[in-house]
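Undergrad: Positions 324 to 835 (the working numbering) are the ones given, in order, by the sequence shown.
Would you mind keeping the following structure in view while I ask a few things?
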Amino acid sequence: MSGETQLSGPDLAQGVSLTELPDGGQLLGHSGGEPVLVVRRGEEIFAVGATCTHYGGPLAEGVVTGDTVRCPWHHACFSLRTGEALRAPALNPVSCYRVERAGDRITVREKIEAIPQRHAAGPDPVIIVGSGAAGNAAAEALRREGYGGRILMLDPEGEIPYDRPNLSKDYLAGNAPEEWIPLHPQDFYDEKKIERVNGARATAIDPQAKTVTLADGRSLSWGALLLATGAEPIHLPIPGADRPHVHVLRSLADSRSLIVAAKSAKRAVVIGASFIGLEVAASLRAREVAVTVVAPEDRPLGKILGSELGDFVRSLHEEHGVTFRLGRKPASIEEREVRLDDGSSLPADLVVMGVGVKPRLELAQGAGLKIDNGVLVNEFLETSAPGVFAAGDIARWPDPYSEERIRVEHWVVAERQGQTAALNILGKREPYHDAPFFWSQHYDVAISYVGHAVKWDTVEVSGSIPEKNAVVTYRTGDRIAAVATIFRDKESLEAEIAMEAGDATAVERAVS
């Protein structure tokens, strides 16, 4: 998360010469004790807050495209005209400033309210099944677009929507206090009149009658419905998997439980070398718990990131004291040890299963919606039932860049789909064309990934992975399907922008 911001550059309140800001250029400075980014596009000059409202990323190190700026860390996007957060993971705007121009001198003046007041009609009410990334982002987007109807967000966990990626990272490691975890306080939802129906679990939907049935027997009618049911962790069906010292990590409650367990644990076994499993391993090491990772593959993340990055991730964890038992599966979990399929055993007073998740499809299946490795949606994220939309981990959509139907279990994808679904609930007919993006944190190294490559023909590395300065491209035929980067943020952003434009040549330029 963000720390104290250091001011740099000129005092923009005192003015600067226009010669310091050529057409297409940007200038980082400060005004009123806050960092400000000034951007020139032709004769227009914009000034916005220079710190991303997501995790405090430096927007001056990002990419300006059109009248927007994208954050280098996690690819949030802001309007230079209004400061508005246009794309997740940022949900809050940056400040917008009035710019005064006199001759060849520009001065940044006071903050202004530049976000326009919108008014949008739509089906009433909108019911959102789920309060995770997609559901929360959709509710916010509806209000941002000026929708005045009723919004009911069915919240089976009974928790204020929270920052799920942080559960396996800084929060679990003890570096982020719990007050950082909620996306907003309850007052936000009260003010926006977003009704969180706490503890509400939907058991059935009827697309013809436009009703959703809850576990307590209530039936709610809707004008439009968004399914954002997310995914649930997989539990391996092995003896001892239900023991009290065995944990999974998906929810805030799961993370809290793990934190309590880690306080007294000495040795942990993490089952699964997934992103979640490895991030948990890193967080437990930060708490000085000895960790062994058990996984059937020959290298961690090899099927996702390839051999080069997979070997690097393994070495990075080993440098921090993590032990790997690869090519092995757990046979049973005992009170103080995990027995492996080769007859050996590992001491463990804490076990974490990080073997993946499965989409929650029961509601969609019960309603007769079209299913094929997820809920099938069109480019507007509408399901086979009119007025019923799906977003997030359950949605399988037509990706224009890969020209395939894909389903992706990433936080940023879920949020952006929730935002797009909201627009289409309001009849905007906005196709979803965002390139999939995720990041994974391992100690002081962040790996960013843009695109989608289930398989590839070749992997190319530019720069040096061991020196933590690299671009890794995954090719299918002669086409770049995905790009992973380590501390090469601009290349990652530029690849994302090119993929969304459907410009394969520009993707090549971005990573060359």
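The beta-carbon is built from N, C-alpha and C at its ideal position, and this holds for glycine as well.
Here's the rule I'm using: 16 or more other beta-carbon atoms within 10 Å means buried, otherwise exposed. How should R393 be labelled?
TA: R393 is buried by the Cβ-count criterion.
Undergrad: For the alpha helix (DSSP H) that T640 lies in, which residues bound it at each end?
TA: One point to set straight first is that residue 640 is His, not Thr, in the sequence displayed. From DSSP, the alpha helix (DSSP H) with H640 extends over G625 to E642.
Undergrad: Please go through the same chain and pick out, in chain order, the residues whose beta-carbon is closer than 7 angstroms to the beta-carbon of A456, but skip the five residues on each side of it.
TA: Closer than 7 angstroms at Cβ, skipping near neighbours: R487, G715, W734, A737, E738 and G741.
Undergrad: Does DSSP put Y724 in a helix, a strand or coil?
TA: It is coil, neither helix nor strand.
Undergrad: Do R622 and D634 have their CB atoms nearer than 8 angstroms?
TA: Yes, they are a contact pair.
Undergrad: Alpha carbon to alpha carbon, how far is V794 from L382? Give it in angstroms, no decimals.
TA: Each residue's Cα considered, the two are about 21 angstroms apart.
Undergrad: Going by Cα to Cα distance, which pick from A532, S597, L559 and N489 is closest to D577?
TA: Closest by alpha carbon: N489.
Undergrad: Could you tell me the distance, in whole angstroms, from the CA atom of S544 to the CA atom of F712?
TA: The straight-line gap from Cα to Cα measures roughly 15 angstroms.
Undergrad: Locate the beta strand (DSSP E) running through W762, then write down its first and last residues.
TA: Per DSSP, W762 belongs to the beta strand (DSSP E) from F760 to H765.
Undergrad: Might you give, ordered along the chain, the residues of its own chain that have their beta carbon closer than 8 angstroms to the beta carbon of I694, omitting 5 neighbours on each side?
TA: If we look at I694 and ignore the five residues flanking it on each side, its Cβ neighbours are L684, A687 and Q688.
Undergrad: When the Cβ atoms of the segment 760-780 are set against those of the segment 818-834, are three or more pairs found closer than 8 angstroms?
TA: Segments in contact, yes.
Undergrad: Relative to the C-alpha of G372, which candidate in G389, V387 and G352 has its C-alpha closest?
TA: Comparing Cα-Cα distances from G372 to each of G389, V387 and G352, the minimum goes to G352.
Undergrad: Suppose you measure from the CA of T405 to the CA of N415; what does that come to, to the nearest Å?
TA: Looking at the two C-alpha atoms, the distance is approximately 12 angstroms.
Undergrad: The alpha helix (DSSP H) that contains F511, what's its start and end?
TA: Looking at the DSSP string, the run of the alpha helix (DSSP H) that includes F511 is Q509 to K515.
Undergrad: Can you check which of these residues, K586, H568, R473 and G481, is closest to G497 by C-alpha distance?
TA: Residue K586 is the option with its Cα nearest to G497.
Undergrad: Can you list, in chain order, the residues of its chain with a C-beta nearer than 8 angstroms to that of E631? Leave out the 5 residues immediately preceding and following it.
TA: The answer, listed in chain order, is V782, V784, I788 and V795.
Undergrad: When burial is assigned at 16 or more other CB atoms within 10 Å of the CB, is P567 buried or exposed?
TA: Exposed, by the Cβ-count rule.
Undergrad: Could you tell me the distance, in whole angstroms, from the CA atom of G471 to the CA atom of G677?
TA: Approximately 41 angstroms between the Cα atoms of the pair.
Undergrad: Our contact map puts D478 next to L341 with C-beta atoms below 8 angstroms; I'd like the distance itself, whole angstroms only.
TA: Contact flag wrong, Cβ pair sits at about 51 angstroms.
Undergrad: What do you reckon, are the CB atoms on T552 and L537 nearer than 8 angstroms?
TA: No.
Undergrad: Provide the residue span of the alpha helix (DSSP H) that contains E819, from first to last.
TA: Where E819 is concerned, the enclosing alpha helix (DSSP H) stretches over D812 to E823.
Undergrad: Does the structure place the segment 513-528 close enough to the segment 427-447 that three or more beta carbon pairs sit under 8 angstroms?
TA: No: the two stretches stay apart, fewer than three of their Cβ pairs being nearer than 8 angstroms.
Undergrad: Can you tell me which of P439, H397, A654 and A532 puts its alpha carbon nearest to the alpha carbon of P560?
TA: For P560, the nearest C-alpha among the options comes from A654.
Undergrad: Helix, strand or coil: which one does DSSP assign to R421?
TA: Looking at R421 - three-state DSSP - the assignment turns out to be strand.
Undergrad: Measuring alpha carbon to alpha carbon, tell me which residue in I594, A708 and Q440 is nearest V616.
TA: Closest by alpha carbon: I594.
Undergrad: In or out: G825 buried (at least 16 other Cβ within 10 Å) or exposed?
TA: By the neighbour-count rule (16 or more Cβ atoms within 10 Å), G825 is not buried but exposed.
Undergrad: Would you kindly report the start and end of the unbroken alpha helix (DSSP H) that includes K434?
TA: Segment R428 to I435 is the beta strand (DSSP E) holding K434; no alpha helix (DSSP H) there.
Undergrad: List the whole-angstrom C-beta distance separating A596 from I656, where the pair is believed to meet the contact cut-off of C-beta under 8 angstroms.
TA: That pair is no contact at about 18 angstroms.
Undergrad: Quick one: using the 10 Å Cβ neighbour count with 16 as the cut-off for buried, is N696 buried or exposed?
TA: Result: exposed.
Undergrad: On the premise that H756 lies in contact with E823, defined as a C-beta separation below 8 angstroms, what is that separation, rounded to the nearest angstrom?
TA: Confirmed, about 6 angstroms.
Undergrad: Could you tell me the alpha carbon to alpha carbon distance between G600 and R573, rounded to whole angstroms?
TA: Each residue's alpha carbon lies about 11 angstroms from the other.
Undergrad: Hey, which unbroken runs of the beta strand (DSSP E) at 3 residues or more fall wholly within the segment 669-745?
TA: Taking only runs of at least 3 residues, the beta strand (DSSP E) segments lying wholly in the segment 669-745 are 673-676, 680-682, 711-713, 718-722 and 727-729.
Undergrad: If you reduce the DSSP assignment to three classes, tell me which class W503 lands in.
TA: Helix, per DSSP.
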